[in-house]
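All remarks here apply to the structure that follows.
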Amino acid sequence: MPRKKYPVIILGGGPAGAATAMYLLKRGITPVIVERVEHPRFHVGESLTGATALSLRGLGLGPRIDAQNYPIKHGVLFYGPDAKNDFWVDLVRRDENNIQVPNITWNVMRSTFDQILFDAAIERGALWIKATAQAPIVEEGAVVGVRIRTPPKSW
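So that you can map any letter, position 29 of the sequence shown is 52 in my numbering, and since no number is skipped, the others follow by simple counting.
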């Protein structure tokens, strides 16, 4: 089977893979995402951290995520081991003067959230190969690639 060369291969097109692709694209590196399942796909909802929200906004995805009308989080309620002694922690970030200011994040529906990130990565130039990763390709003790299996063609 012929080998193709790509500067970076990302295994999985979920939030981590799609965000990684977008950060690489910002640096001028065009990655290929190997993902076997098309979006949208089912996942249980997710409560994002404040730092995650800052990263997503930094990638320019804030308006797309806001448009989903996900529930907004302003903080987190923590419970002690005996379910008594709970305490609230506000979400904060540092502004340009290094002063803590309020921050918000979202509680997302993973099917739509994942699709927003994946679509943005592809729109910005990442390549997608619909395939399943099978095994690493190792040469002289170093991983230099990945063997993949593409789905059979349906005629």
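The C-beta atom is built at its ideal place from N, Cα and C for all residues, glycine as well.
As the structure is a prediction and not an experimental result, all values here were calculated from the model.
Backbone CA spacing between residue i and residue j [nearest angstrom]
{"i": "M132", "j": "H66", "result": "8 Å"}
{"i": "I253", "j": "G37", "result": "Nothing in the structure corresponds to residue 253, since the chain is present only between 24 and 178."}
{"i": "A50", "j": "S70", "result": "It is Arg, not Ala, that sits at residue 50 in the sequence shown. Whole-angstrom Cα-Cα distance: 29 Å."}
{"i": "E58", "j": "G35", "result": "5 Å"}
{"i": "Q123", "j": "E163", "result": "50 Å"}
Short Cβ contact (7 Å threshold) for residue i with residue j
{"i": "A44", "j": "I56", "result": "yes"}
{"i": "P63", "j": "Q138", "result": "yes"}
{"i": "T128", "j": "A90", "result": "no"}
{"i": "V169", "j": "A156", "result": "yes"}
Range covered by the alpha helix (DSSP H) that runs through residue i
{"i": "G81", "result": "G73 to G81"}
{"i": "T43", "result": "P38 to K49"}
{"i": "P174", "result": "Here P174 belongs to no alpha helix (DSSP H), and DSSP marks it neither H nor E."}
{"i": "R87", "result": "G85 to D89"}
Terminal residues of the beta strand (DSSP E) in which residue i lies
{"i": "K28", "result": "Per DSSP, K28 belongs to no beta strand (DSSP E) and is neither H nor E."}
Residues near residue i in its chain [Cβ-Cβ closer than 7 Å; skip 5 each side]
{"i": "G148", "result": "L48 and T53"}
Same chain only: Cβ atoms within 6 Å of residue i, ignoring 5 sequence neighbours per side
{"i": "D113", "result": "G98"}
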